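In what follows, a structure is listed as structure tokens, so that the remarks can point back to it.
Protein chains: 2
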Amino acid sequence: MAVTIKQIAELAGVAPTTVSLVLRDSPKVGRATKDRVLRIVEDMDYYPNHSGKMLKQGRTDAVAIVSSLFQNIFKMEFVNGVERAVHGGPFQLRHYYAEAGSEPAKCKEILYGKMADAVLAMSMLAPPDFLAKIKASRKPLVLVEDVVEGFPGVRFDNYAASYEAVRYLAGKGRRRIAISLAMKAYMGHCFVDERLRGYIAASRDLGLEYSEIIELPAYDLGAGRIMVERILDKSEPPDALFCASGDLTAASFLKQARVQGLRVPDDIAVMGFDDSIIAQTTTLGLTTVRQPSTEMGKAALDLALRLIDGEAEAFSMIVTFPPEIIVRESA
Amino acid sequence: MAVTIKQIAELAGVAPTTVSLVLRDSPKVGRATKDRVLRIVEDMDYYPNHSGKMLKQGRTDAVAIVSSLFQNIFKMEFVNGVERAVHGGPFQLRHYYAEAGSEPAKCKEILYGKMADAVLAMSMLAPPDFLAKIKASRKPLVLVEDVVEGFPGVRFDNYAASYEAVRYLAGKGRRRIAISLAMKAYMGHCFVDERLRGYIAASRDLGLEYSEIIELPAYDLGAGRIMVERILDKSEPPDALFCASGDLTAASFLKQARVQGLRVPDDIAVMGFDDSIIAQTTTLGLTTVRQPSTEMGKAALDLALRLIDGEAEAFSMIVTFPPEIIVRESA
DNA sequence: TTGTAGGCGTTATCAA
DNA sequence: TTGATAACGCCTACAA
């Protein structure tokens with residue numbers, strides 16, 4: 000059995016209350032007593048039981064991240080941002096996994112069961128009645144990526160990102176721009192739709208008549224081969240490829256393009272999406288659209304803390320991050 | 000205030016005990032009562048308070064990862080392995096950060112304060128007296144990477160990895176092999192020493208007289224430039240570079256080599272370390288030593304669970320993972 | 001099949 | 001400056 004505050008109190012010849020006060024460095028307790036208690040605490044390796052504390056105080060000093068398991072660089076970097084922001088503060092980070100579709104149930108369990116003081120829900124498709132309940136109870140829930148008007152959230156402007164990417168490529172004289180996406184794999188998630196809409200809108204606004212949408216089964220290293228083959232198959236191949244499917248797929252394309260003799264950027268310009276570390280490790284620097292994942296993680300935590308504090312405005316605040324084109328060599 | 004088991008009991012006209020039993024699906028309670036209680040639980044959005052439960056049960060159903068903040072692909076992939084292993088089980092993962100040097104204090108706080116049932120400590124330099132205490136109290140602590148004989152741990156055979164890498168390069172006819180490392184940055188951590196010793200031993204055993212150790216300030220993208228310049232400066236440059244400093248630095252080298260006209264692998268063969276995703280996204284496939292980080296994460300969790308279960312052998316078990324050479328194009 | 005009572009370890013309140 | 005007492009919400013005997 001672990002050491003309790005009672006045992007410390009007994010050994011020090013004081014009451015548990017006193018020990019508690021000493022540990023919180025209260026000025027109301029005398030020097031001598033304090034020193035004596037602290038020595039015993041040290042000697043006995045006493046640390047307050049966290050559950051007892053939480054139960055009494057009604058808080059957990061923890062923030063939870065809920066997400067389904069799909070592996071994804073954005074998620075890693077986002078989490079990293081949250082971690083950095085949490086670091087040094089009084090909060091602790093907890094990770095909870097939920098099968099795709101079961102995220103709302105998991106959020107409820109955490110918030111209602113006081114497993115954490117706030118939840119950051121990543122890419123969660125949230126039913127309206129669920130959100131209404133959360134909102135009514137003023138539970139601190141931050142939506143990340145798939146936000147909903149009227150609820151606290153953090154998002155990236157995927158539409159603008161796509162639009163700007165196409166505009167950049169067109170500005171470089173490219174007229175036949177293809178886009179790659181994994182629509183089926185991420186059905187329902189706003190970022191897919193938004194990126195596609197941005198592409199379509201920009202093409203229209205810029206008077207580009209060419210359109211080629213390459214559907215990928217996943218955002219992985221198999222993408223390069225699929226894209227190259229699709230492109231070589233066309234009688235009128237694109238002169239630019241916008242990998243809205245991410246830097247990883249763009250890197251995969253660069254690699255496969257070299258194998259099959261497609262020259263980048265001469266034959267075809269390539270743009271990625273995310274500006275993850277991958278974009279900097281390809282031998283030909285990858286021009287890409289930066290999504291500030293780390294900053295978004297910080298913002299999400301910040302918003303969560305404001306919800307915990309009960310700041311009224313925060314309960315319907317959506318923080319949107321704009322895109323930035325990072326020019327390297329591939330386009 | 001959140002809903003409690005008492006309120007549910009009152010609404011259902013039963014005792015709290017009954018509600019508790021219903022929630023744990025006990026066969027000792029009648030169908031009718033069960034249904035009635037469950038409906039009210041649902042209606043009221045009742046979820047048991049986690050702190051209360053933990054306090055009573057004396058466990059947390061959580062495993063903690065303690066690490067200092069240094070960003071590192073091995074760590075990410077390791078954590079990913081733990082996450083996968085945790086997924087589906089009854090345990091939850093918690094992340095705790097500790098300034099380099101303060102990890103032991105953090106571990107104590109977590110284990111003695113019952114903030115988690117077990118701790119995985121990454122790259123922690125643990126003082127002997129700290130370990131002795133932990134061992135005596137049979138607290139479930141798993142050392143990752145920097146393991147100590149007699150204590151539960153998970154490690155990669157860095158010595159063998161380095162040795163095999165050099166042997167591979169020598170087998171390819173390379174005689175002047177350089178190694179890159181960030182010794183000062185990771186002073187005291189075993190992996191640096193082991194990798195260096197493996198390099199030295201293999202060179203000696205294979206009769207290679209050439210030796211060149213490139214010290215890097217960090218494992219980042221600035222490494223390429225430093226390495227290329229160092230190499231071009233030599234009157235007798237190496238014909239192989241073993242980036243024991245990781246794939247990221249190797250990728251950085253490939254990129255810089257292209258800029259400065261060094262041909263890989265003709266002028267110089269390049270090997271990385273880790274086999275992270277980076278090794279697959281460089282345009283010229285990176286030959287590297289695979290460190291099975293994800294599997295190591297799984298193993299660490301597995302070991303932690305065995306410690307929690309009190310398996311005697313586990314308390315002095317060190318799981319070692321062997322290296323594997325992954326041949327691609329750069330060497 | 002259901003209810004009562006006590007305690008897990010802590011802190012807050014109030015009294016001394 | 002310190003101590004006694006009562007919760008926090010749950011679960012586990014044991015009793016009915």
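Protein chains in written order, with numbering that gives the first Met the number 0: chain A, 0 to 330; chain B, 0 to 330. Don't be surprised by glycine CBs; every beta carbon is placed ideally from N, CA and C. Model, not experiment: these values are computed from the prediction.
Using DSSP bridges, identify the partner residues of residue i.
{"i": "A/Q91", "result": "A/A61"}
{"i": "B/L247", "result": "According to DSSP, B/L247 bridges with nothing at all."}
{"i": "A/S341", "result": "It is not possible to answer for residue 341 of chain A, since the shown part of chain A is limited to 0 through 330."}
{"i": "A/A117", "result": "A/V62"}
{"i": "A/V269", "result": "A/L240"}
{"i": "A/V141", "result": "A/L119"}
{"i": "B/F155", "result": "B/F320"}
{"i": "B/I39", "result": "According to DSSP, which records beta bridges pairwise, B/I39 is partnered with nothing at all."}
{"i": "B/R289", "result": "B/D273, B/E323"}
What residues of chain A sit near residue i, judged by a beta carbon separation below 9 Å?
{"i": "B/D266", "result": "Those within 9 Å of B/D266 in chain A number zero; the least Cβ separation is about 15 Å."}
{"i": "B/D44", "result": "K107, Y111, K132, S136"}
{"i": "B/K254", "result": "Q279, T280, T281, T282, L283, G284"}
{"i": "B/F75", "result": "This sequence places Met at residue 75 of chain B; Phe is not what is there. Near B/M75 (Cβ distances below 9 Å), the residues of chain A are M75, N79."}
Tell me which residues share the same chain as residue i and place their Cβ nearer than 6 Å to its Cβ, disregarding the 5 neighbours each side in the sequence.
{"i": "A/I325", "result": "D274, T287, R289"}
{"i": "B/P139", "result": "A117, A303, L306, I307"}
{"i": "B/G197", "result": "Y158, S161, Y162"}
{"i": "A/R194", "result": "N157, S161, A243"}
{"i": "B/Y209", "result": "R175"}
{"i": "A/I277", "result": "D246, L247, A250"}
{"i": "B/V2", "result": "M43, Y45"}
{"i": "A/G223", "result": "S251, F252, K254, Q255"}
{"i": "A/G284", "result": "R327, E328"}
{"i": "A/R229", "result": "I213"}
Interface residues of chain A around residue i at Cβ under 7 Å?
{"i": "B/N48", "result": "G112, K113"}
{"i": "B/G51", "result": "L54"}
{"i": "B/A250", "result": "T280"}
Kindly list, in the order they appear in chain A, the residues whose Cβ is closer than 8 Å to that of residue i.
{"i": "B/E41", "result": "Neighbours of B/E41 on chain A: none; closest Cβ ~11 Å, over 8 Å."}
So does residue i have its beta carbon nearer than 7 Å to some heavy atom of the ligand SAM?
{"i": "B/G187", "result": "Among the ligands in the structure shown, none appear at all, so the ligand SAM cannot be discussed."}
Enumerate in chain order the residues of its own chain whose CB-to-CB distance from residue i is below 8 Å, with the five nearest sequence positions on each side excluded.
{"i": "A/L37", "result": "V21"}
{"i": "A/I313", "result": "It is Ala, not Ile, that sits at residue 313 of chain A in the sequence shown. Cβ within range, chain order: P151, L302, R305, L306."}
{"i": "A/V85", "result": "V62, Q91, L92, L300"}
{"i": "B/T17", "result": "A8, A11, V28, T32, V36"}
Leaving out the 5 sequence neighbours to the left and right, which residues in its chain are closer than 7 Å to residue i when beta-carbon positions are compared?
{"i": "B/E82", "result": "L92"}
{"i": "A/A200", "result": "Y162"}
{"i": "A/V227", "result": "F252, Q255, A256, Q259, L261"}
{"i": "B/S19", "result": "I4"}
{"i": "A/E102", "result": "V65, S67, A120, M123"}
{"i": "B/T280", "result": "none"}
By the criterion of Cβ-Cβ separation under 7 Å, what are the contact partners of residue i in chain B?
{"i": "A/I300", "result": "In the sequence as displayed, the identity of residue 300 of chain A is Leu instead of Ile. None at all; the shortest Cβ gap to chain B is about 13 Å."}
Applying a beta-carbon distance threshold of less than 8 Å, which residues of chain B neighbour residue i?
{"i": "A/L247", "result": "I276, T280"}
Is the stretch 59–75 of chain A close to the stretch 115–131 of chain B, with three or more CB pairs under 8 Å?
Cβ pair count under 8 Å is below three, so no.
What are the residues in the stretch 205–220 of chain B lying within 7 Å of chain A by C-beta distance?
Listed by position, the residues of the stretch 205–220 of chain B near chain A (Cβ gap below 7 Å) are L220.
Give the residues from the stretch 81–95 of chain B that approach chain A closer than 9 Å (Cβ to any Cβ), ordered along the chain.
Cβ contacts with chain A come from E82, R83, V85, H86, G87, Q91, L92, R93, H94, Y95.
Are the stretch 250–264 of chain B and the stretch 20–36 of chain B touching, with three or more C-beta to C-beta distances below 8 Å?
Because the criterion of three Cβ pairs below 8 Å is not met, the stretch 250–264 of chain B and the stretch 20–36 of chain B do not touch.
Within the chosen definition, does the stretch 81–98 of chain B reach the stretch 93–100 of chain A through at least 3 CB pairs nearer than 8 Å?
In short, these stretches touch, since the Cβ pair count reaches three.
Three or more C-beta pairs closer than 8 Å, one from the stretch 171–181 of chain B and one from the stretch 145–152 of chain B: is that the case here?
Counting Cβ pairs under 8 Å, fewer than three are found: no touch.
Relative to chain B, which residues along the stretch 257–285 of chain A have a C-beta separation below 9 Å, given in chain order?
When CB distances to chain B are screened at a threshold of 9 Å, the residues of the stretch 257–285 of chain A falling below it are R257, I276, I277, Q279, T280, T281, T282, L283, G284, in chain order.
Touching or not, the stretch 315–323 of chain A and the stretch 290–298 of chain A, by the rule of three or more beta carbon pairs under 8 Å?
Yes, the stretch 315–323 of chain A touches the stretch 290–298 of chain A.
When Cβ atoms are compared, which residues of the stretch 139–156 of chain B fall closer than 8 Å to chain A?
For the stretch 139–156 of chain B, which is checked against every Cβ of chain A, not one residue is closer than 8 Å.
Is the stretch 176–195 of chain A close to the stretch 217–225 of chain A, with three or more CB pairs under 8 Å?
Taking 8 Å as the limit for Cβ pairs, the verdict is that the stretch 217–225 of chain A does touch the stretch 176–195 of chain A.
Contact list for the stretch 1–21 of chain B against chain A, Cβ threshold 8 Å:
Taking a C-beta cut-off of 8 Å against chain A, the contacting residues of the stretch 1–21 of chain B are A1, V2, listed in chain order.
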